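So the sequence shown is numbered by full-length UniProt numbering: it starts at 1 and just counts up by one.
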Amino acid sequence: MRRILTAAGSVLAAAALVVGLAACSEDPLAAQYREGDNKGYIAANGFQTAEIPAENRGEPVDFAGTLDNGDAVSSADYAGRVLVVNFWYATCGPCIIEAPRLEQAYQSFQGQDVAFLGVNTYDQASTAQSFARDHGVSYPSALAVNDAELKLAFADKTPINATPTTLVLDKQGRVAARIVGELPEASILEAIVRTLVAEEA
């Protein structure tokens, strides 16, 4: 019996070591999120997506702000294009996990009338830029932490403090879809965008 217990203990110890090494190899904030610890980000209550019929989309979103590189950005820059707007910040666990999925979707629409814009709700420019480098995000992000007008522009469209949240604006600049929570697959967003690209402006 003692030999059996000793062998079982060795197996458990080896398994624990493997799990420990695997945990060390990934982003700790992403791991924290996967383990269900909500500390460090404002979590949206699960994944939800809603597509809005054209007749119910309301007025275009009129916004202006500053990118993390200091350049100005506004809704006028995206006139006639489908625009994906993702609200995020650097220590948000699900934001980290969905970042490569958003980048995948962004890359899939290169050369088409589609644009992506991040809106960082919490960080300063240096932190936002570091996140983009570390996680391979190549589309731009605007900074909202000290920009009340940028926040106000989207305030009646979505709870922007529930991060991550993604809005998809149609070619007229109206909110056509809303994704609240971590994007599970790039294909979900890609399907929404393709539908809007096919719409007449």
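The C-beta atom is built at its ideal place from N, Cα and C for all residues, glycine as well. Quick caveat, the model's predicted, so the values are computed rather than measured.
Please identify the residue among the options whose C-alpha is closest to the C-alpha of residue i.
{"i": "residue 70", "options": "175, 141, 153, 184", "result": "141"}
{"i": "residue 68", "options": "153, 89, 162", "result": "89"}
{"i": "residue 55", "options": "177, 139, 120", "result": "177"}
{"i": "residue 190", "options": "78, 107, 80", "result": "107"}
{"i": "residue 131", "options": "74, 112, 91, 111", "result": "91"}
{"i": "residue 46", "options": "165, 120, 200, 138", "result": "165"}
{"i": "residue 172", "options": "94, 113, 150, 124", "result": "113"}
{"i": "residue 123", "options": "144, 109, 110, 111", "result": "144"}
{"i": "residue 149", "options": "95, 94, 199, 121", "result": "121"}
{"i": "residue 109", "options": "73, 139, 74", "result": "139"}
{"i": "residue 158", "options": "126, 200, 119", "result": "119"}
Given a cut-off of 8 Å on the beta-carbon distance, is the pair residue i and residue j in contact?
{"i": "residue 98", "j": "residue 196", "result": "no"}
{"i": "residue 82", "j": "residue 193", "result": "yes"}
{"i": "residue 185", "j": "residue 101", "result": "yes"}
{"i": "residue 199", "j": "residue 170", "result": "yes"}
Report back the beta-carbon spacing between residue i and residue j to the nearest angstrom; my notes put them in contact at under 8 Å.
{"i": "residue 60", "j": "residue 133", "result": "With 8 Å as the limit, residue 60 and residue 133 do not qualify as a contact, their Cβ atoms being about 32 Å apart."}
{"i": "residue 163", "j": "residue 87", "result": "5 Å"}
{"i": "residue 49", "j": "residue 160", "result": "Their Cβ separation, rounded to whole angstroms, is 17 Å, which puts residue 49 and residue 160 out of contact at 8 Å."}
{"i": "residue 136", "j": "residue 103", "result": "6 Å"}
Can you say whether residue i is buried or exposed, counting buried as having 16 or more other CB atoms within 10 angstroms of its CB?
{"i": "residue 181", "result": "buried"}
{"i": "residue 146", "result": "exposed"}
{"i": "residue 62", "result": "exposed"}
{"i": "residue 65", "result": "buried"}
{"i": "residue 156", "result": "exposed"}
{"i": "residue 44", "result": "Summary for residue 44: the model assigns pLDDT 45, below 50, so the residue's position carries little reliability; its value from the coordinates is reported in the next sentence. Buried, because 16 or more other Cβ atoms sit within 10 Å of the Cβ of residue 44."}
{"i": "residue 152", "result": "exposed"}
{"i": "residue 53", "result": "exposed"}
{"i": "residue 105", "result": "buried"}
{"i": "residue 76", "result": "exposed"}
{"i": "residue 111", "result": "exposed"}
{"i": "residue 128", "result": "buried"}
{"i": "residue 187", "result": "exposed"}
Taking 7 Å as the cut-off, is the C-beta of residue i nearer than that to any heavy atom in the ligand ATP?
{"i": "residue 162", "result": "The model on display carries no ligand, and the ligand ATP is accordingly not part of it."}
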